[in-house]
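Its first residue numbered 159, the sequence shown is counted upward by one per residue in our numbering. We treat Cβ as the ideally placed atom computed from N, Cα and C, and that holds for glycine. Working notes, beginning with the structure itself.
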Amino acid sequence: INEGIIASGLACAYSPTKTKKVHNYDKLMGLQKLARVHKLGMWNDFKDYDTIVTPNGSAFHKLNNNKGSDCKHLVRSKNLSVIKASVAYDRGLHPCRNCLG
């Protein structure tokens, strides 16, 4: 069921931790990418944008005017990188619930 939902673009593949993933996580990530590329379901109006990520985090964050983020989760973070949201999704990251939720 999960594979069908993700392949249809009705949900994102999500793992709450990097260490505990479902047995077919890589397949789910591939199906999610296909749904996004083919603009199915929730990906129909997806427009890629720049985001901020930390080296070890599981979320991506909103980039404000190409100058960083106001997100409380990034206050003490170092070594931040700017990547596209599509790349973040492909890496299995999820949108920050604070600044993108």
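For the ligand GTP, I want to know if residue i counts as a neighbour, meaning its beta carbon is within less than 7 Å of at least one of the ligand's heavy atoms.
i      : result
Pro213 : In the structure shown, the ligand GTP is absent, as is every other ligand, since no ligand is present at all.
Tell me the DSSP secondary structure of residue i in three-state form.
i      : result
Gly259 : coil
Ile163 : helix
Only counting the same chain, and skipping five residues up and downstream in sequence, which positions put a Cβ closer than 6 Å to that of residue i?
i      : result
Asp208 : Leu221 and Val240
Lys242 : Asp206
Asp248 : Lys191
Could you give the distance in angstroms between the alpha-carbon of residue i and the alpha-carbon of residue j?
i      : j      : result
Asp203 : Val195 : 11 Å
Gly188 : Phe218 : 19 Å
Ala169 : Lys236 : 31 Å
Trp201 : Lys225 : 27 Å
Ala246 : Gly215 : 11 Å
Arg267 : Pro213 : Since the first and last residues shown for the chain are 159 and 259, residue 267 lies out of range.
Leu238 : Cys229 : 13 Å
Keeping to the same chain, check which residues put their C-beta closer than 7 Å to that of residue i; ignore five residues upstream and five downstream.
i      : result
Tyr172 : His252
Ser227 : Ile210, His219, Lys220, Leu221 and Cys257
Give me, in chain order, the residues of the same chain whose beta-carbon lies closer than 8 Å to that of residue i; leave out the 5 immediate sequence neighbours on both sides.
i      : result
Tyr183 : Ala171, Ser173 and Gly250
Give the list of continuous beta strand (DSSP E) stretches no shorter than 3 residues that lie fully inside the region 165-252.
208-211, 217-220 and 239-242
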